[in-house]
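*Asks:* Just dropping this structure here.
In the numbering used here, the protein residues as written are 79 to 132.
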């Protein structure tokens, strides 16, 4: 069985080299991303405190 598989080969294609990506062009000015202020959430009361109020 193994000899038959070796003789037939595989249906998968061989991997191909892709090369290097171009990336940023030389001399192109990159701008910084806009920074947004941090939004802090207030602490919510615990379930225990809610149950004692009612």
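Where a beta carbon is used, it is the ideal one built from N, C-alpha and C, also for glycine. Keep in mind that this is a model prediction, so the values were computed, not measured.
Can you look up residue 105 in the DSSP assignment and give me helix, strand or coil?
*Replies:* It is coil, neither helix nor strand.
*Asks:* Give the secondary structure of residue 87 by DSSP, where H, G and I count as helix, E and B as strand, and everything else as coil.
*Replies:* Residue 87 falls in the coil class under three-state DSSP.
*Asks:* Three-state secondary structure (DSSP) at residue 81?
*Replies:* DSSP places residue 81 in helix when its eight states are reduced to three.
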